[in-house]
Amino acid sequence: MSQDKQKLPQTAIDQIANEGHLKLLKAAIPYVQSSSQKSLAIYTKLLELGNIIRFFDQPVPEMSICSEEKVSALDMLNDIRLFCDESEKDMIDSCIQTIQMIQNISSYQELMKSFSSENENPTDFMKNFLTPEQQAMFETYQSMLNT
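Positions 0 to 146 (numbering that gives the first Met the number 0) are the ones given, in order, by the sequence shown.
Right under this line is the structure:
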């Protein structure tokens, strides 16, 4: 197994499955006779399954992230990204950027609605805070969103 794979953090379900001394048992598998390795590996997986079943048989099983009040898709994608190879990370990054862009557009549209309801010219208000180069870029984006 490569060093990169060994450095990856454990998922929440892996932490539950590997409770107790299962890591020690797994570490011993390569050192037992080859005829016993398969049986020992299957036994450790059965113990992991038992840990998961016991966890979810609790009255209110909660993994730590699920107990938080507000969890977003971005939070989930950032956590998933920790377990990805480089090509998968690129794909996740594209999803994250797309979600952030949608959120920014939505925020922009809400801002424009609030200015419209106050009878102020939002363009003039925004331009006061921008450099000439930023104003040109703002006008370009504004024309894109208004079409």
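We put the beta carbon where it would ideally sit given N, CA and C, even for glycine.
Model, not experiment: these values are computed from the prediction.
ask   = Excluding five sequence neighbours on each side, which residues of the same chain lie with their C-beta closer than 6 Å to the C-beta of LYS88?
value = Taking the first residue of the sequence shown as 1, we reach residue 88 at position 89. So the list reads ARG80, once near-sequence residues are dropped.
key: Member of LYS44, THR10 and GLN96 whose CA lies at the smallest distance from the CA of LEU24   = Position 25 of the sequence shown holds residue 24. Answer by Cα proximity: LYS44.
inquiry  = Measuring only the C-alpha atoms, how far is ASP13 from THR97?
reply    = The residue labelled residue 13 in the question sits at position 14 within the sequence shown. The residue labelled residue 97 in the question sits at position 98 within the sequence shown. Cα to Cα, ASP13 sits roughly 30 Å from THR97.
ask   = What's the call for GLU109, buried or exposed, on a 16-neighbour Cβ count within 10 Å?
value = Here the question's residue 109 lines up with position 110 in the sequence shown. When all chains shown are included, GLU109 counts as exposed.
message = Tell me the residue span of the alpha helix (DSSP H) that contains GLY19.
response = By one-based count along the sequence shown, residue 19 stands at place 20. Careful: GLY19 lies outside any alpha helix (DSSP H) and carries neither H nor E.
ask   = Between PHE128 and chain C, is there a C-beta pair that is closer than 7 Å?
value = The chain labelled as chain C is not found in the depicted structure, where only one protein chain is given.
ask   = Do ILE51 and ALA16 come within 7 Å of each other at the CB atom, strictly closer than that value?
value = To locate residue 16, count along the sequence shown from 1; it is residue 17. To locate residue 51, count along the sequence shown from 1; it is residue 52. Yes, these two residues count as a Cβ contact at 7 Å.
query = In terms of residues, what are the limits of the alpha helix (DSSP H) holding ASP74?
reply = Position 75 of the sequence shown, counted from the start, is the residue given in the question as residue 74. Its alpha helix (DSSP H) spans residues 72-80.
key: Sequence-distant residues of the same chain with beta carbon closer than 8 Å to TYR107, five excluded per side   = Translated into positions along the sequence shown, residue 107 becomes position 108. Once the five neighbours on either side are set aside, the close Cβ partners of TYR107 are LEU144.
inquiry  = Using 8 Å for Cβ pairs, my map puts PHE55 next to THR10. What's the rounded Cβ distance?
reply    = One-based indexing of the sequence shown puts residue 55 at position 56. One-based indexing of the sequence shown puts residue 10 at position 11. Wrong, their Cβ atoms sit about 15 Å apart, outside the cutoff.
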